[in-house]
Amino acid sequence: GEKVEQHESTLSVREGDSAVINCTYTDTASSYFPWYKQEAGKGLHFVIDIRSNVDRKQSQRLIVLLDKKAKRFSLHITATQPEDSAIYFCAASVAGYQNFYFGKGTSLTVIP
Amino acid sequence: EAAVTQSPRNKVAVTGGKVTLSCNQTNNHNNMYWYRQDTGHGLRLIHYSYGAGSTEKGDIPDGYKASRPSQENFSLILELATPSQTSVYFCASGGVGFSNERLFFGHGTKLSVL
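Here the protein sequences come in this chain order: G and V. Residues are numbered in the numbering used here as their position in the first sequence, beginning at 1, plus a constant of 125. Residues are numbered in the numbering used here as their position in the second sequence, beginning at 1, plus a constant of 1407.
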């Protein structure tokens, strides 16, 4: 089955800098890649996604890049703010199928 | 905003006891999922369901059963709880089909098995 590796387990950046979280996947059939954010003591909530028909997507300060050849995708958070501090999870699935495979999570700390 | 409600929020159980974790969603989603979250493992899928009456095994189903009696409700059952099942459990719901894959999570249930 699919395996999703999330490369950074922890990440610290200064407020205003950019943060980058990298994930790789193994199944070439995977075509949908969402990201979720988990704030302390809470459940996960969706932040952004990308499909395999594009290689870049931006939503405000969040940018997702997809490199299908390398089976790699990444989340870029620009102009970080303290409220960006959280655990971020990447995931992969085959579009139209409802099984998601999650990475282990990256704990991001934004230092004021 | 789609809503997924889990109960209880916290649970302490004894080894060998039966534990039932409940999940209710008001999103009218067909798909529901149970995950557990452990340090060093991230989120792992235990059971999932494609609709009322259906349950499917995820990646780590051993020691767990699931029940989906209705569209809205999905339960996770530990018939004989063990300390290794101490974890935080998340329920999620999701739609069907292209452009409808986003998952909505509950706040989690923290289970301690002593």
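From the three backbone atoms N, C-alpha and C, an ideal C-beta is built for every residue, glycine too. Remember, it's a predicted structure, so these values are computed and weren't measured experimentally.
Interface flag, residue i vs chain G, CB-CB below 8 Å
i: V/R1475; result: no
i: V/H1448; result: yes
i: V/F1497; result: yes
i: V/G1460; result: no
i: V/G1424; result: no
i: V/H1454; result: no
Backbone CA spacing between residue i and residue j [nearest angstrom]
i: V/L1452; j: V/D1469; result: 11 Å
i: G/T205; j: G/S137; result: 11 Å
i: V/L1485; j: G/G166; result: 23 Å
i: G/N178; j: V/L1487; result: 46 Å
i: V/E1479; j: G/Q131; result: 32 Å
i: G/D174; j: V/P1490; result: 36 Å
i: G/V219; j: V/Y1455; result: 16 Å
i: G/K128; j: V/V1426; result: 30 Å
i: V/C1498; j: G/S156; result: 23 Å
i: V/S1519; j: V/V1419; result: 5 Å
i: V/G1423; j: V/L1483; result: 16 Å
i: G/L233; j: V/H1514; result: 20 Å
i: V/L1521; j: V/T1462; result: 28 Å
i: G/Y213; j: G/Q163; result: 6 Å
i: V/P1476; j: V/G1460; result: 6 Å
i: V/H1436; j: V/G1502; result: 5 Å
i: G/G141; j: G/T203; result: 7 Å
i: V/G1465; j: V/C1430; result: 17 Å
i: G/Y161; j: V/K1472; result: 26 Å
i: G/V235; j: G/Q185; result: 18 Å
i: V/N1442; j: V/L1450; result: Contrary to the premise, residue 1442 of chain V reads as Tyr rather than Asn in this sequence. Cα to Cα, V/Y1442 sits roughly 6 Å from V/L1450.
Span of the beta strand (DSSP E), counted from its first residue to its last, around residue i
i: V/I1467; result: Segment: none, V/I1467 is in no beta strand (DSSP E) and carries neither H nor E.
i: V/H1454; result: 1449–1456
i: V/S1501; result: The sequence shown places Gly at residue 1501 of chain V, rather than the Ser named in the question. Element bounds for V/G1501: 1494–1501.
i: G/H132; result: Premise fails: G/H132 is in no beta strand (DSSP E) and is neither H nor E.
i: V/D1445; result: 1438–1445
i: G/F214; result: 211–217
i: G/A154; result: Looking at the DSSP string, G/A154 is not in any beta strand (DSSP E), and its letter there is neither H nor E.
i: V/Q1432; result: 1426–1432
i: V/Q1413; result: 1411–1414
i: V/N1480; result: 1480–1485
i: G/L233; result: 231–236
i: V/T1516; result: 1516–1520
i: V/N1417; result: 1417–1420
i: V/S1474; result: 1472–1474
i: V/I1512; result: Looking at the sequence provided, one finds Phe at residue 1512 of chain V rather than Ile. It spans 1510–1512 - the beta strand (DSSP E) in which V/F1512 sits, taken as one unbroken run.
Residue i versus the options, residue with shortest Cα-Cα distance
i: V/Q1444; options: V/V1520, V/L1521, V/S1494, V/G1501; result: V/S1494
i: G/S199; options: G/G126, G/D180, G/P237; result: G/D180
i: G/N224; options: G/Q163, G/H201, G/P159, G/H132; result: G/P159
i: V/A1410; options: V/T1516, V/F1511, V/L1521, V/K1517; result: V/F1511
i: V/T1433; options: V/T1412, V/G1458, V/V1421, V/E1508; result: V/T1412
i: V/I1467; options: V/V1421, V/Y1440, V/G1458, V/T1516; result: V/Y1440
i: G/G126; options: G/L191, G/L190, G/D209, G/D152; result: G/D152
i: G/S193; options: G/C148, G/E208, G/K229; result: The sequence given here places Lys at residue 193 of chain G; Ser does not occur at that position. Nearest option by C-alpha distance: G/C148.
i: V/S1414; options: V/Y1496, V/E1508, V/S1500, V/R1509; result: V/Y1496
i: G/P237; options: G/A211, G/L191, G/A195, G/P207; result: G/P207
Within-8 Å CB hit, residue i to chain V
i: G/K167; result: yes
i: G/S218; result: yes
i: G/H170; result: yes
3-residue-minimum beta strand (DSSP E) runs that sit fully inside the region 156–219 of chain G, ordered along the chain: If we require 3 residues or more, the beta strand (DSSP E) runs fully inside the region 156–219 of chain G come out as 157–163, 169–176, 181–184, 187–192, 197–202, 211–217.
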